[in-house]
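Asks: Numbering-wise (the working numbering), the sequence shown opens with residue 152 and increments by one.
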Amino acid sequence: MPHPDVDAEQAYLDEAYRCLAAMRDRTARTAAIAEGAAQEVDSAIARQHLAHRLGTLDVDVPGLSFGRLDGDDGARWYVGRRHVEDARGDPVVVDWRADVAVPFYRATAVDPLGLRRRRRFMMSGRRLDDLFDEVFDDPDSVDAAHHGGIPDPLLAELERERTGEMRDIVATIAAEQDEVIRAPLDTCLVVQGGPGTGKTAVGLHRAAFLLYEHRRELDAAGVLVVGPNPIFLRYIAQVLPSLGETAVRQTTLERLLAGTAYRRRGRDGDDTARLKGDARLAGVLAYAVTSSVQPPEDRIEGATPWGPVRLDPDAVFDAVADIHGRGVPHNVGRAALRTRLVRLARQELVARRGEELASLEAVDASLRGDRGWQRALDRIWPPLSASALVRRVLTNRNALRAAADGLLDTGEQALLLRPPTSRVSDEPWTLDDLALLDEAEALLAGSPRAYGHVVVDEAQDLSAMGFRALARRSPDSSMTVLGDLAQATAPAAQSSWDDVIDHLGAPATARRADLDLGYRVPAAIIDVANRLLAEAAPGVTPCRSVRVEGQPPRFVAVEAAAGAEGLHDAIAAAAADLTGRYTSVAVIATPELAPPAHRLPRATVLAPADAKGLEFDAVVVAEPAAIGGGTPQGLRLLYVALTRAVQELVVVHARPLPAALASRSGAGVG
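#1: How far does the alpha helix (DSSP H) with tryptophan 524 in it extend, from its first residue to its last?
#2: Near isoleucine 382, what residues of its chain come up, given a Cβ to Cβ distance below 8 Å and the 5 sequence neighbours on each side ignored?
#3: Measuring only the C-alpha atoms, how far is valine 738 from leucine 788?
#4: Nearest-angstrom Cα distance between threonine 338 and threonine 794?
#5: Between leucine 633 and glycine 373, which are expected to be in contact by the criterion C-beta below 8 Å, what is the C-beta distance as a whole number of angstroms?
#6: Quick test of your reading: threonine 734 and glutamate 312, contact by CB under 8 Å. State the CB separation rounded to the nearest angstrom.
#7: Is any beta-carbon of chain D found at less than 8 Å from that of aspartate 421?
#8: May I ask you to list the residues that DSSP assigns as paired with tryptophan 228?
#9: Which whole-angstrom value is the C-beta distance of aspartate 224 and arginine 233, which I expect to be below 8 Å?
#10: Quick test of your reading: threonine 701 and alanine 675, contact by CB under 8 Å. State the CB separation rounded to the nearest angstrom.
#11: At what residues does the beta strand (DSSP E) containing methionine 274 begin and finish?
#12: What do you reckon, are the CB atoms on arginine 267 and valine 286 nearer than 8 Å?
#13: Give, in chain order, every unbroken run of the beta strand (DSSP E) that is at least 3 residues long and sits entirely within the stretch 605-673.
#14: In or out: histidine 749 buried (at least 16 other Cβ within 10 Å) or exposed?
#15: Taking the alpha-carbon positions, what's the alanine 409 to alanine 586 distance?
#16: Does DSSP put glutamate 396 in a helix, in a strand, or in coil?
#17: Beta-carbon separation of glutamate 774 and leucine 684 under 8 Å?
#18: Flag this pair as yes or no: are the beta carbons of leucine 567 and leucine 426 separated by less than 8 Å?
#19: Starting from the C-beta of methionine 630, find all residues in its chain whose C-beta is less than 6 Å away, skip the five residues before and the five after it, and write them out in chain order.
#20: Can you give me the Cβ contacts of glycine 458 inside the same chain, cut-off strictly under 8 Å, excluding the 5 residues immediately before and after it?
#21: Does any heavy atom of the ligand PLP sit closer than 7 Å to the C-beta of glycine 690?
#22: Can you look up valine 801 in the DSSP assignment and give me helix, strand or coil?
#23: Counting C-beta neighbours from all protein chains within 10 Å, is the total for proline 346 16 or more, i.e. buried, or is it exposed?
#24: Is there contact here, the stretch 447-455 with the stretch 654-665, by at least three beta-carbon pairs under 8 Å?
#25: For arginine 619, does the count of other Cβ atoms within 10 angstroms reach 16, so buried, or fall short, so exposed?
#26: Which runs of the alpha helix (DSSP H) fall wholly inside the stretch 734-801 and span at least 4 residues, in chain order?
#27: By Cβ distance below 6 Å, which residues in the same chain neighbour threonine 351 in space, the five residues on each side in sequence not counted?
#28: Does alanine 470 come out as helix, strand or coil in the three-state DSSP assignment?
#29: Looking at C-beta atoms only, is the number of pairs between the stretch 634-649 and the stretch 688-698 that lie closer than 8 Å three or more?
#30: Taking 8 Å as the threshold (C-beta atoms), are arginine 270 and leucine 282 in contact?
#31: Looking only at C-alpha atoms, which of Leu369, Arg485 and Thr441 sits nearest to alanine 553?
#32: Considering just the uninterrupted stretch of the beta strand (DSSP E) at glycine 458, what are its terminal residues?
#33: Which stretch, first to last residue, makes up the alpha helix (DSSP H) that contains threonine 561?
#34: Compute the Euclidean distance between the alpha carbons of aspartate 584 and serine 443, then round it to the nearest angstrom.
#35: Where DSSP assigns a beta bridge to glutamate 285, which residues make up the other side?
#36: Taking only runs of the alpha helix (DSSP H) that begin and end inside the stretch 474-523, which ones reach a length of at least 4 residues, in chain order?
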């Protein structure tokens, strides 16, 4: 039977929804007044602020409040997704990010944090289905509200069918997740988390928490969320809006670095991609830039209406050395040198004529029209573009040899070289070139737009050069870096979070956090997948799951004589069975082994690398041997594939299973 207080709590929640609707109505009326404001600029600012506030007052938000806190001091607080107040301004629901809500996530029987009772609501939309109390001076009530250490609402959430989109977890944040979410803004936080530990949700909720705590600062500077691919971005797209936060840029590293300037046409082999991601390439590009500056050996001359100008090479050398020593971006330095040389030219003219001349600007304008003067300036400090610089390093053997001397050996230089195209605009830029282009752009023009906080997910697959690009966008090193080294599969992927911190510039505020308790993937599945780690990622601590109940993976062996068609039939049959019982089903297979889409009408078909960060009710993994490939990188891809299911996993194979799986499957060798 439901708890006897359900009706009373439902009445309170209904009133909370009415108060939220009243808040929205008041804000809408204020917005209408702002529309007619006399000062156009002030009105635009007001409209922007009010539009954001209206966005946070969505009256259709499900589960507006998900719990109640009763303090030892008699205080009572309802905790929820939004702050709600009544007509007098008194709180009806407090935002989950408020300090007063911390005990909802962290109070225990050992340390109740000043609570007498924590009440958890189980909601279906606006309807309260049931509630569960934890009375902290009654250990039996705390135990009664849990199953195997899991609160009933969390257990219900874990058993809920997936819809193809990630949902927020504000009602079920665990204590160790809450500590990560509420870390200070000035922290560069690197989070290692295995499958199902909620690291993606933690990163997004951390962004929402920081926006709540530092609204003015982060509204101005912005928050950047970087995911691995567009599929992942679609999966997480509604999490922050569901928390009332819409002023966040969510993108991939490729989109962030390419923008509209560079079109990716080519693809690098693994060895070349790994080398292009190496931090040594930053040194190669830096030398290519600095070595382009060449002080003159002879004096430089120019013609002006006030007579010829002849600058001594020593004076020019001193000017070049002074500007170069400031470490300014290359093209900024060129502009500074031009100004310095014009001043020297004007000083010479004044000294020779003994009278005041026209302005510095007039002298500059006259020298800009002198081709000899311009050629001399270009020889001393040439104008450079990022695309021309990177293209020259990658396609000109002599330029690469000079820039890479002492940094790359001859074999590595040969890996980088490719034939030049007739025009820079035709260059076949690759994904791995983008970080090089970004590095070059920073060397030439300075750092790109900075953000107040940067969240990076699936970070284990980023290269050193990719991390350098992200660090430039967070000059204060306010970052949340999330990943799992056991799922590192890209050519230039990471094997150590200490290395990642170094790639980010070794900020003094950097610290590590580990999430090793899984909430999504059942233990029966994660335990089988963990058997791959001894070979795939021996330095990673296996993840544990709180979900002790659940079906072990089912292995379906296909006779080798059945061929590809037989394998496809078995995959399609397994998918059809699962789609008849679950809402979201995926088939994960290498592209050459995936059955045609028309044979899997209700299942999502993914390559293993594209499945990272996603979760489905049920998953069919096709031909593990083809995914694993007998290499640590391949086994990590297989680990990814095996840990996407939150209810049921089916493994279909015709080839022999990898040894770690064959020893537990009971399926033998197909």
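All C-beta atoms, glycine included, are put in the ideal place defined by N, C-alpha and C. Given the structure is predicted, the values throughout are model-derived calculations rather than measurements.
Replies: According to the structure data:
#1: 522-531
#2: Leu757, Asp761 and Leu765
#3: 14 Å
#4: 30 Å
#5: Contact flag wrong, Cβ pair sits at about 19 Å.
#6: Their Cβ separation, rounded to whole angstroms, is 4 Å, which keeps threonine 734 and glutamate 312 in contact under 8 Å.
#7: Protein chain content of the structure displayed is limited to a single chain, and chain D is not contained in it.
#8: Leu220
#9: Going by Cβ atoms, the distance from aspartate 224 to arginine 233 rounds to 25 Å, so no, they are not a contact pair.
#10: Looking at the sequence shown, residue 701 is not threonine but glycine. Correct: roughly 5 Å between the Cβ atoms.
#11: 266-275
#12: yes
#13: For the stretch 605-673, the continuous beta strand (DSSP E) assignments of 3+ residues that do not extend past its boundaries occur at 630-634 and 661-666, in sequence order.
#14: Counting other Cβ atoms within 10 Å of its Cβ, histidine 749 stays below 16 and is therefore classed as exposed.
#15: One C-alpha to the other measures close to 9 Å.
#16: coil
#17: No, the Cβ-Cβ distance between glutamate 774 and leucine 684 is not below 8 Å.
#18: yes
#19: Cys339 and Val605
#20: Leu500, Arg503 and Arg504
#21: The ligand PLP is not among the ligands present in this structure, which contains no ligands whatsoever.
#22: strand
#23: So proline 346 ends up on the buried side.
#24: With a cut-off of 8 Å, the stretch 654-665 and the stretch 447-455 do not count as touching, because too few Cβ pairs lie within range.
#25: Buried is the call here.
#26: 775-779 and 783-793
#27: Asp608 and Gly764
#28: Here DSSP, grouped into helix, strand and coil, assigns alanine 470 to helix.
#29: yes
#30: yes
#31: Thr441
#32: From DSSP, the beta strand (DSSP E) with glycine 458 extends over 458-462.
#33: 561-567
#34: 21 Å
#35: Arg269
#36: 481-504 and 511-519
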